[in-house]
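**Student:** Sharing a structure, written as structure tokens. Questions coming.
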């Protein structure tokens, strides 16, 4: 019989010649007792071996799995698209664009590409939960919860401002934000002494079924907005000179002495702000390119992101991220801004302070800090803008001979001698604080200097004009005494005596009640 099969099927010669396998070697052993049954055990083993499906490959022990928090659409062929809740395996987590591959339920590799780091969180971490907002302030939490996208029972968990190792729970309770400290002791988490839980996740799940207080039930996570990307795409990280043809203009947002600003799109898909410079002839092209190269590397949550420039032909474009609510000055003068309480105003001031601290640490002088050059986004996030006048320097003082100077925001030494430094930014910051607490009032009303020296004399003699004295007294009598102190300290005529905008400015501007997280 065997010989007949060999002659009829010569193509199976390699199978016929294969020696019988032994137990435990590349086969599945049949545990039945086959002694004396007349069955060819080797053939039976081969039959069993051929029917067993190939097992899926094991996951690597060192694989790092991340969960996607939002949808992301690739903007070039090097990037990887994904949907919220998808699990990605991260291969390289260096920089702001990580290398990752998508996996299926078996861990099979599908496709590899670059992904934005701030769209992901470790799959087994607290950050992967939709209600975890990380390091945001109490006022930011309130702003998120009170937005139109959220209603009664919306909630979030954030890192405590007073205890960086602890957490706070913020809840939309009948149109008002309530804040609860999450205590941690002996490995247990709790809001009230009882009940206690072994994790924050268990605590949240419990209060989604049982009231947190008299009537507060955690209903659904606060809507979390997509984070801003620091670049247009991975391919533009180091390529910031782009052709104008990639950008389309839409609505004009504003116009100033140096530029007109439009909303627009990059490649008809990504929203951007496009600043079109007016005086292109006065621009030193090589110097401008060098400045852009440095400014593009300045990354901070309270600084506007510079995406690209278009300088191959005039007019030149500066491309930045688009901020929804416009500049701080106009925002404060509108109903939404006028409705802000003192706590919210001070939170906006501390955000600007944080951005200025970062600029100083990177040897950068703004030179035109004012409410009109601060942009306001969702959640009242403030970002310092208009780096068209900013200079990145190595020397402590920058000399300027430009004729166009915003006198009411400029320090005396900058007006009289053209000397700009971080101390002159401190002066401007003091004026900015005045703009904030007066909901966009113009400083020094009635003073219209026609030349530099007259401007200096006016500022020196009328520094604390009636309205400013009234504001300072009012703030001093309130719980925010440090705010008043920093505002008046910034108006010291002698630049040497002005206190810097330090990393502690944020906490100093807050009230004692704010510094104690609830």
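Residue numbers (full-length UniProt numbering): 1 to 518.
We put the CB at the ideal spot given by N, CA and C, even for glycine.
What you are looking at is a predicted structure, and each value in this text was computed from that prediction instead of being measured.
1) Around the C-beta of residue 110, are 16 or more other C-beta atoms found within 10 angstroms, so that it is buried, or is it exposed?
2) For the beta strand (DSSP E) containing residue 89, list its first residue and its last residue.
3) So, at 6 angstroms on beta carbons, what are the nonlocal neighbours of residue 495 in its own chain, with the 5 sequence-adjacent residues on each side left out?
4) In whole angstroms, give me the CA-to-CA distance for residue 356 and residue 421.
5) Would you report the Cα separation of residue 273 and residue 114, rounded to the nearest angstrom?
6) When the Cα atoms are used, what is the spatial distance from residue 201 to residue 90?
7) Under 8 angstroms by Cβ, that's how I've got residue 180 and residue 169 pegged, so tell me the actual separation to the nearest angstrom.
8) Between residue 260 and the rest of its own chain, which residues show a CB-CB distance below 6 angstroms, the 5 nearest in sequence each way excluded?
9) Once DSSP output is grouped into helix, strand and coil, what is the label at residue 270?
10) Whole angstroms is fine: what's the gap from residue 175's alpha carbon to residue 193's?
11) Would you mind reading off the limits of the alpha helix (DSSP H) that contains residue 349?
12) To the nearest angstrom, how far is it from the Cα of residue 198 to the Cα of residue 500?
13) Can we say the region 202-210 touches the region 234-248, given the rule of at least three CB pairs closer than 8 angstroms?
14) Using DSSP with H/G/I as helix, E/B as strand and the rest coil, what is residue 226?
15) With DSSP collapsed to three states, give me the class of residue 366.
16) What is the rounded straight-line gap between the Cα of residue 417 and the Cα of residue 368?
17) Since residue 157 and residue 133 are thought to touch, with beta carbons under 8 angstroms apart, how far apart are those beta carbons, to the nearest angstrom?
18) Using the beta-carbon count (16 or more within 10 Å), is residue 324 buried or exposed?
19) So the alpha helix (DSSP H) residue 331 belongs to, where does it begin and stop?
20) With DSSP as the reference, label residue 78 as helix, strand or coil.
21) For residue 116, which beta-bridge partners are listed by DSSP?
22) Does DSSP put residue 181 in a helix, a strand or coil?
23) Contact defined as beta carbons within less than 8 angstroms: I believe residue 303 pairs with residue 383. What is the distance between those atoms, to the nearest angstrom?
24) Output needed for residue 178: all residues of its chain with C-beta closer than 6 angstroms, excluding positions within five of it in sequence on either side, in chain order.
25) In the structure shown, what three-state DSSP assignment does residue 28 receive?
26) I need the boundaries of the alpha helix (DSSP H) containing residue 294, first residue and last residue.
27) From the DSSP output, in three-state form, read off residue 68 for me.
28) Decide if residue 144 is buried, meaning its Cβ has at least 16 other Cβ atoms within 10 Å, or exposed.
29) In angstroms with no decimal places, state the Cα-to-Cα distance between residue 217 and residue 173.
30) Alpha carbon to alpha carbon, how far is residue 329 from residue 435?
31) Would you report the Cα separation of residue 445 and residue 381, rounded to the nearest angstrom?
32) Who are residue 254's beta bridge partners in DSSP?
33) Check residue 53 in the structure and name its three-state DSSP category.
34) Just the Cα atoms here: how many angstroms apart are residue 154 and residue 222?
35) Considering only DSSP beta bridges, list what residue 122 is partnered with.
**Tutor:** The structure says:
1) exposed
2) 87-92
3) 413, 423
4) 12 angstroms
5) 24 angstroms
6) 24 angstroms
7) 4 angstroms
8) Closer than 6 angstroms at the Cβ level, and outside the excluded window around residue 260, lie 276.
9) Strand at residue 270.
10) 27 angstroms
11) DSSP places residue 349 in the uninterrupted alpha helix (DSSP H) bounded by 342-361.
12) Taking C-alpha positions only, residue 198 is separated from residue 500 by approximately 44 angstroms.
13) no
14) Residue state, collapsed to three classes: coil.
15) The answer is coil: DSSP assigns residue 366 none of H, G, I, E or B.
16) Roughly 16 angstroms between the two C-alpha positions.
17) Residue 157 to residue 133, Cβ: 7 angstroms. Contact.
18) exposed
19) Its alpha helix (DSSP H) spans residues 328-333.
20) coil
21) BP columns for residue 116 point to 97.
22) strand
23) 6 angstroms
24) 171
25) Its pLDDT being 38, under 50, residue 28 is placed unreliably by the model, and nothing is read from it.
26) 285-295
27) strand
28) It counts as buried.
29) 9 angstroms
30) 8 angstroms
31) 29 angstroms
32) 261
33) Any reading at residue 53 is ruled out, since the residue's pLDDT is 42, under 50, leaving its predicted position unreliable.
34) Each residue's alpha carbon lies about 5 angstroms from the other.
35) 66
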